[in-house]
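Report on one structure; see the data block that follows.
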Amino acid sequence: MRDCPQTDAHSDAPSGSDELQIRKVGARLSGHIGRGDRGPAHHGRRTVDARRGGIASLQETRMNPTYQPRRAWLTAVLLFFFLVVNAMDKMVVGLLAAPMMDELGLTPAQFGLVGSSFFWLFAVSGVLGGFLANRTPTSRLLVLMALAWSLCQIPIALSSSLAVLIVARVLLGFMEGPAAPVAIHACYKWFPNNRRNLPVAVLTQGAGIGIVLAGLLIPAVAAHWGWRTNFYLLAVLGVVWAVAWLALGREGTLDERPAGHGAAGTGAPQRLPYRVLLGDPTVLGCFALRLAAYWGLALCLTWIPAYLQSGLGFDHAVSGKLFALIVGTNLPLTIAIAWFSERLLARGVSSRVARGRVSAGMLLLAGGFFLMLLWPGTTPAMRVALLVLACVCAPAIYSLGPAMLAEVVPAGQRGAVLAIDASVSSVAGVLAPLVTGVLVQNTPGARGFELGLALCGAIMVVAALAGLCVVNPERSRQRLAARLPADVQAGQPAVAAG
Numbered sequence: 013m014r015d016c017p018q019t020d021a022h023s024d025a026p027s028g029s030d031e032l033q034i035r036k037v038g039a040r041l042s043g044h045i046g047r048g049d050r051g052p053a054h055h056g057r058r059t060v061d062a063r064r065g066g067i068a069s070l071q072e073t074r075m076n077p078t079y080q081p082r083r084a085w086l087t088a089v090l091l092f093f094f095l096v097v098n099a100m101d102k103m104v105v106g107l108l109a110a111p112m113m114d115e116l117g118l119t120p121a122q123f124g125l126v127g128s129s130f131f132w133l134f135a136v137s138g139v140l141g142g143f144l145a146n147r148t149p150t151s152r153l154l155v156l157m158a159l160a161w162s163l164c165q166i167p168i169a170l171s172s173s174l175a176v177l178i179v180a181r182v183l184l185g186f187m188e189g190p191a192a193p194v195a196i197h198a199c200y201k202w203f204p205n206n207r208r209n210l211p212v213a214v215l216t217q218g219a220g221i222g223i224v225l226a227g228l229l230i231p232a233v234a235a236h237w238g239w240r241t242n243f244y245l246l247a248v249l250g251v252v253w254a255v256a257w258l259a260l261g262r263e264g265t266l267d268e269r270p271a272g273h274g275a276a277g278t279g280a281p282q283r284l285p286y287r288v289l290l291g292d293p294t295v296l297g298c299f300a301l302r303l304a305a306y307w308g309l310a311l312c313l314t315w316i317p318a319y320l321q322s323g324l325g326f327d328h329a330v331s332g333k334l335f336a337l338i339v340g341t342n343l344p345l346t347i348a349i350a351w352f353s354e355r356l357l358a359r360g361v362s363s364r365v366a367r368g369r370v371s372a373g374m375l376l377l378a379g380g381f382f383l384m385l386l387w388p389g390t391t392p393a394m395r396v397a398l399l400v401l402a403c404v405c406a407p408a409i410y411s412l413g414p415a416m417l418a419e420v421v422p423a424g425q426r427g428a429v430l431a432i433d434a435s436v437s438s439v440a441g442v443l444a445p446l447v448t449g450v451l452v453q454n455t456p457g458a459r460g461f462e463l464g465l466a467l468c469g470a471i472m473v474v475a476a477l478a479g480l481c482v483v484n485p486e487r488s489r490q491r492l493a494a495r496l497p498a499d500v501q502a503g504q505p506a507v508a509a510g
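Residues in the sequence shown are numbered consecutively from 13, following our numbering.
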């Protein structure tokens with residue numbers, strides 16, 4: 013590639029031929045970045061700054077980071093296993109309830125205290141970790157979190173004290189709060205905007221795989237070697253992941269862009285007040301969609317297994333297989349939806365449609381399926397089918413929502429906003445089991461479960477309709493860019509309101 017012709021920053025506006033040459037070179041550079049072409053760094057690249065007549069000077073930048081598919085997907089796979097470990101750490105105490113209560117002499121209330129203690133600082137640490145990720149390399153944070161998880165398992169394995177169990181779980185929850193948003197933030201540093209749906213869909217499935225593996229392995233280990241062995245094994249697993257990341261993981265570079273740019277390739281502004289970002293309709297819409305979806309996830313993990321047994325009358329073995337069917341069907345469909353959304357983007361469909369309407373539409377379907385559980389005359393088999401359909405439609409927002417936030421939010425503030433998104437949705441993780449528990453306790457038979465699930469469906473429908481109305485990443489980028497000074501706006505690429 014030829015270097016751009018030199019211009020004098022203090023001279024008059026360039027001639028027509030010089031201006032045409034600059035535009036041609038700029039178009040070629042934009043094409044390379046947009047396609048993710050790989051090649052040597054283009055030193056001495058100049059970017060056009062609007063001044064007199066639209067072009068007055070050229071500003072040098074030292075590097076042109078490019079999309080590296082192999083390295084990017086290696087990072088996504090490592091982050092997938094990071095979330096597998098994360099999920100198994102969360103699930104271990106719940107799966108060991110019976111042997112732990114028997115050996116330690118814990119009452120149900122005491123064990124409930126141990127279980128809930130994990131979430132006491134979870135949301136707070138998620139936000140703190142997100143702000144820290146804005147200023148600290150994510151590679152460092154990921155290793156520190158994995159090692160901290162391992163350390164938190166050891167006291168539980170060694171102690172028989174209720175106080176020690178609670179303190180260890182509180183610390184574990186504090187260290188796991190930022191895990192998912194920091195992992196997504198790290199992944200986005202390797203993938204350009206139009207390629208982010210699928211890798212995040214893959215890595216977020218690590219949580220689902222972790223739940224399945226925990227359900228299969230943790231009870232088996234406890235039966236053969238005692239419940240304490242699980243905590244030692246999880247401690248080793250965290251260390252193994254940290255070593256693998258130190259050997260293979262790297263910090264992504266696609267966020268490194270000239271001044272005046274935010275998230276790579278999106279045109280998002282460099283930095284804005286959080287009151288402006290958090291008041292944006294697209295950001296609020298994404299928060300609402302994720303909170304509603306998380307309400308369903310919380311019920312899936314707490315009350316749906318009980319509904320299958322106590323409400324629909326399936327025995328323990330059959331209900332376990334049905335629950336595995338729900339979780340197992342979720343994984344490939346979530347990836348398929350992310351792939352479909354990415355194909356729409358590749359065909360030129362706006363993000364408002366390819367991401368916003370797809371995720372809101374899937375949540376609307378999920379809410380409708382939950383509401384249909386109240387339909388008179390529905391057989392147990394039909395209810396199971398409705399549960400499967402509802403639980404596999406809702407999670408689309410987990411991959412598409414962060415991608416929309418990354419379009420709108422400056423890269424330097426992305427970690428914090430992703431963490432706030434996760435922390436807001438975790439409120440549903442606290443409220444959904446409690447509200448449904450009250451309904452189950454005060455309504456006989458399966459009806460209490462179905463009222464709780466129908467309430468979840470209603471929340472999903474309301475959030476989905478709101479999302480369809482307000483989520484518009486292209487319009488939000490224009491709106492936020494308008495808040496910048498004129499000299500910074502001049503460096504922003506134009507975006508169309510989709």
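Ideal placement from N, C-alpha and C gives every residue a C-beta, glycine not left out.
- Message: Using only CA atoms, which one of G238, L215 and A145 lies nearest to A169?
- Response: Per the Cα distances, G238.
- Query: Roughly how many whole angstroms lie between the Cα atoms of F134 and L430?
  - Reply: If you draw a straight line from the Cα of F134 to the Cα of L430, it comes to about 14 angstroms.
- Message: Using a Cβ-Cβ cutoff of less than 6 angstroms, which residues in the same chain neighbour I221 once the five nearest sequence positions on both sides are dropped?
- Response: Excluding positions up to five away in sequence, the list reads V96.
- Message: Output needed for A378: all residues of its chain with C-beta closer than 6 angstroms, excluding positions within five of it in sequence on either side, in chain order.
- Response: Taken in chain order, the residues that qualify are A402, C405, A406 and M472.
- Query: Span of the alpha helix (DSSP H) holding Y306?
  - Reply: P293 to T314
- Query: With DSSP run on the structure shown, which of helix, strand or coil describes V474?
  - Reply: V474: helix per DSSP, three-state reduction.
- Query: So, L465 versus F382, is the Cβ gap smaller than 7 angstroms?
  - Reply: Result yes, Cβ atoms of L465 and F382 sit closer than 7 angstroms.
- M103 beta carbon less than 7 angstroms from that of I223: yes
- Please specify which runs of the alpha helix (DSSP H), each continuous and at least 4 residues long, are wholly inside the region 355 to 429, giving them in chain order. Whole alpha helix (DSSP H) segments, 4+ residues: 370 to 383, 392 to 405 and 409 to 420.
- Query: If you draw a straight line from the C-alpha of W387 to the C-alpha of L480, how long is it?
  - Reply: 26 angstroms
- Query: Going by the beta-carbon positions, is the gap between N209 and A415 smaller than 7 angstroms?
  - Reply: With respect to A415, N209 sits close: the two C-beta atoms are nearer than 7 angstroms.
- Query: With distances taken from CA atoms, which of S371, A318, P293 and T294 is nearest E354?
  - Reply: S371
- Message: Would G424 and G142 qualify as a contact pair, given that the criterion is a beta-carbon distance under 7 angstroms?
- Response: no
- Does the Cβ of E115 have 16 or more other Cβ atoms within 10 Å, making it buried, or fewer, making it exposed? exposed
- Query: What residue from V442, R459 and L289 has the CA that sits closest to A318's CA?
  - Reply: R459
- CB contact flag (A304, A475, <7 angstroms): The answer is yes: Cβ separation under 7 angstroms.
- Message: Please give the ranges of any alpha helix (DSSP H) in the region 124 to 179, keeping only runs that are unbroken, at least 4 residues long and fully inside the region.
- Response: Fully enclosed alpha helix (DSSP H) runs of 4 or longer: 134 to 147 and 150 to 170.
- Item | Per-residue DSSP class, three states only, for N209 | N209 falls in the helix class under three-state DSSP.
- Query: Which residues in the same chain as C164 place their Cβ atom closer than 6 angstroms to its Cβ, once the five residues preceding and following it in sequence are excluded?
  - Reply: Excluding residues within five positions, the ones whose Cβ falls inside 6 angstroms are A180, L183 and L184.
- Query: Are L385 and E462 closer than 7 angstroms when you measure CB to CB?
  - Reply: In this structure, E462 lies closer than 7 angstroms to L385 by Cβ.
- Task: Give the single residue among P456, A358 and C298 whose Cα lies nearest to the Cα of S437.
- Result: Relative to S437, the option among P456, A358 and C298 whose CA is nearest is C298.
- Message: Can you check which of these residues, A198, S362, F123 and L245, is closest to P149 by C-alpha distance?
- Response: Of the candidates A198, S362, F123 and L245, the one whose C-alpha sits nearest the C-alpha of P149 is A198.
- Query: Using DSSP with H/G/I as helix, E/B as strand and the rest coil, what is P111?
  - Reply: helix
- Item | C-alpha gap between P81 and L443, whole angstroms | Between the C-alpha atoms of P81 and L443 there is a straight-line separation of about 41 angstroms.
- Item | Spatial distance of M100 from P445 (CA atoms) | 20 angstroms
- Message: Give me the residue from L467, V194, I230 and A175 with the minimum Cα distance to A145.
- Response: V194
- Task: Out of F203, A478 and V212, point me to the one whose CA is closest to G373's CA.
- Result: A478
- Item | For A198, the first and last residue of its enclosing alpha helix (DSSP H) | A191 to Y200
- Message: Using the three-state DSSP reduction, which class does Q282 fall into: helix, strand or coil?
- Response: coil
- May I have the straight-line CA-CA distance separating R225 from N98, to the nearest angstrom? As written in the sequence, residue 225 is Leu, which differs from the Arg given in the question. About 12 angstroms.
- Query: Do P293 and V136 have their C-beta atoms within less than 7 angstroms of each other?
  - Reply: no
- Query: CB G138 to CB G218, shorter than 7 angstroms?
  - Reply: no
- DSSP three-state assignment for R491, whether helix, strand or coil: DSSP places R491 in helix when its eight states are reduced to three.
- Hey, out of V421, R364, S173 and I338, whose CA is closest to L290's CA? Residue V421 is the option with its Cα nearest to L290.
- Message: Please list the terminal residues of the continuous alpha helix (DSSP H) segment that includes Y244.
- Response: That run of the alpha helix (DSSP H) goes R240 to L260.
- Best match in L153, L215 and Y244 for proximity to T346 [C-alpha to C-alpha]: L215
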